[in-house]
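Just so we're aligned, residue 0 is where the sequence shown starts under numbering that gives the first Met the number 0, counting upward by one.
Heads up, the beta-carbon is just placed ideally off N, CA and C, and yes, glycines get one too.
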Amino acid sequence: MKKSYPTWTVFSASCLLSLPLFVFTNMAEAAFLGENSRVSIDMSSRVSSNLDTQNHAFMHVLGIDIHKVFSSDTGDIGTLILQPYVVKLNNVNNPPFIFDDGNATKLTWRIANFNYTALNQGKFNIRLGHFEVPFGLEYQIDTNGTLRQLTAIERGIKADWGVSINGIMPRFEYEVALTQGSGAEINNNDDSHLFSGRIGTLSTKNIVTGLSWLSGDILAANGVIEQKKVALDLSYYYYQWRFMAESSVGKKAGNNVANGFAEVLWRTPKENLSIYTQLRYQRAEIDHNVSSESSSASHWVAGVEWVNDHGFDVSAQYKHKLKEMKNQSIEPILSVQLRYRM
């Protein structure tokens with residue numbers, strides 16, 4: 000049996016071990032990256048407990064976040080983002096397929112791309128590397144490294160390697176991407192590929208709407224899965240409240256699927272405390288080769304997140320089923336995470 004260490008012990012050890020790394024990155028920022036750059040150390044420890052089975056799964060993460068804007072005398076040239084992270088799993092059931100097992104350690108890239116912005120004052124940019132797939136609500140809000148997630152789990156892919164065109168026009172924003180369909184893996188398998196995009200109103204407004212699509216073969220644990228989807232999303236900001244919803248329809252492995260998502264979030268005026276609740280719904284054909292019979296599932300999520308001015312972030316989240324699909328269970332999961340960025 001592999002030895003398991005308490006979350007807070009691992010987190011404290013990570014803080015101590017990361018101090019030399021923090022000094023090094025600040026030296027690198029001053030000597031190499033120069034002006035218009037930012038380097039952060041990001042570490043977190045998470046425990047997720049199945050309240051039915053009393054199984055406790057741990058995930059420990061340590062990474063670097065590098066952000067650099069390249070400029071000339073006439074304006075910005077582009078933005079480089081590099082986020083390499085080491086992820087350690089412990090006692091995780093059904094881990095992501097990129098891990099060998101539930102106790103594996105792996106170097107991953109959250110984001111690693113360069114967005115060339117010098118062509119037309121930000122209206123037509125070219126992005127190359129590993130970036131978030133432009134689809135739905137998840138594309139608009141950075142949920143990397145947080146307990147709170149939106150709709151990427153329904154597609155089985157959040158970020159991918161490839162190229163995109165993107166920009167901000169006077170009345171709308173857009174990004175259209177052609178990627179490998181392999182997610183975190185740099186995959187040369189010609190069987191996987193993905194074409195995706197989103198066109199939406201300006202994200203600086205109180206009401207934001209968007210139309211998204213994706214089509215391709217996405218790499219999964221049991222091979223590639225063909226997916227085609229279109230989605231509509233809506234966000235409404237009212238003082239300290241945010242209301243968000245997304246609805247999508249399409250096909251997954253030949254089966255008709257429909258997904259719905261809604262979230263209500265409240266944040267304090269200082270934005271250091273957030274409380275949210277989510278509702279998720281899915282309806283899908285069981286096997287289109289046999290019959291057109293469908294099954295549906297739904298669950299709710301409630302969470303809280305507190306951050307302070309010194310880089311600490313404490314969050315908790317609970318997931319509970321409303322209805323289960325055939326041959327698919329929804330476990331009651333309580334998760335707690337401690338995160339620190341410096």
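Residue i vs residue j beta-carbon contact at 8 Å
i: D232; j: I224; result: no
i: F134; j: L218; result: no
i: R381; j: Y138; result: Since the first residue of the chain shown is 0 and the last is 341, residue 381 is not available in this structure.
i: V46; j: V335; result: yes
i: A261; j: Q281; result: no
i: A283; j: V256; result: yes
i: G310; j: R340; result: yes
i: G166; j: K122; result: yes
i: L127; j: V162; result: yes
i: G302; j: R170; result: no
i: W265; j: Q239; result: yes
i: T52; j: T78; result: no
i: L201; j: E245; result: no
Simplified DSSP assignment, three categories, for residue i
i: E137; result: helix
i: E153; result: helix
i: S191; result: coil
i: F391; result: No answer is possible for residue 391: the residues shown for the chain start at 0 and end at 341.
i: A176; result: strand
i: V9; result: Only weak support is given to the placement of V9: the predicted model assigns it a pLDDT of 47, under 50, and the question is left unresolved by the model.
i: G196; result: strand
i: T208; result: strand
i: Q327; result: strand
i: L337; result: strand
i: F242; result: strand
i: I224; result: strand
i: M168; result: coil
i: L146; result: coil
i: G182; result: coil
i: F130; result: strand
i: L201; result: coil
i: A283; result: strand
i: K251; result: strand
i: G161; result: strand
i: G33; result: coil
i: T276; result: strand
i: N49; result: strand
i: N271; result: coil
Pick from the options that is closest to residue i, judged by C-alpha positions
i: Q179; options: A301, S195, D64 and I40; result: S195
i: I348; options: N54, S39 and Q120; result: No information on residue 348 is available, as it lies outside the stretch 0 to 341 that the chain covers here.
i: S314; options: T107, V68 and G144; result: G144
i: I198; options: H192, R338, Y238 and V207; result: V207
i: S318; options: V300, M324 and S328; result: Residue identity check: residue 318 is Lys in the sequence provided, not Ser. Checked all of V300, M324 and S328; the closest Cα to K318 is V300.
i: A56; options: V68, M42, S39 and N92; result: N92
i: L210; options: L201, V229 and T203; result: V229
i: G62; options: S39, S291 and I329; result: S39
i: D64; options: N54, M42, Q53 and S70; result: M42
i: I140; options: S70, S48, M243 and D72; result: M243
i: S71; options: E34, K250, S273 and P95; result: E34
i: S291; options: K250, F113, E174 and I125; result: K250
i: F69; options: E174, N114 and I125; result: N114
i: K269; options: V289, S234 and W305; result: W305
7 Å Cβ shell around residue i - same chain, five flanking residues per side excluded
i: L50; result: P331 and L333
i: A364; result: Coverage of the chain is limited to positions 0 through 341, which leaves residue 364 absent and any answer about it impossible.
i: H66; result: S36, R37 and I80
i: S294; result: A283, I285, M324 and K325
i: S191; result: Q179, G180, S181, D216, I217, L218 and V223
i: L321; result: S297, H298 and W299
i: N342; result: The chain is shown from 0 up to 341; residue 342 falls before or after that span and cannot be answered.
Spatial neighbours of residue i in its chain, beta-carbon cut-off 6 Å, leaving aside the 5 residues before and after
i: E153; result: N258
i: H287; result: G253 and N254
i: Y236; result: N205
i: A111; result: L81, G128 and H129
i: R241; result: L264
i: I274; result: W265 and V303
Residue i beta carbon near the ligand NAD (any heavy atom closer than 7 Å)
i: S293; result: Here there are no bound small molecules, and the ligand NAD is not part of this structure.
Neighbourhood of residue i by C-beta distance below 8 Å, restricted to the same chain and skipping five residues each side
i: V132; result: Y138, A151, R154, I156, K157, A158, D159, A176, T178, L193, S195 and L213
i: I97; result: K105, T107, G182, A183 and E184
Worksheet item: Which parts of the region 285-321 are runs of the beta strand (DSSP E), unbroken and 3 residues or longer, counting only runs that do not cross its ends?
Response: 293-306
Worksheet item: Which ranges does the alpha helix (DSSP H) cover as unbroken runs of at least 4 residues, wholly within the region 51-120, from first to last along the chain?
Response: none
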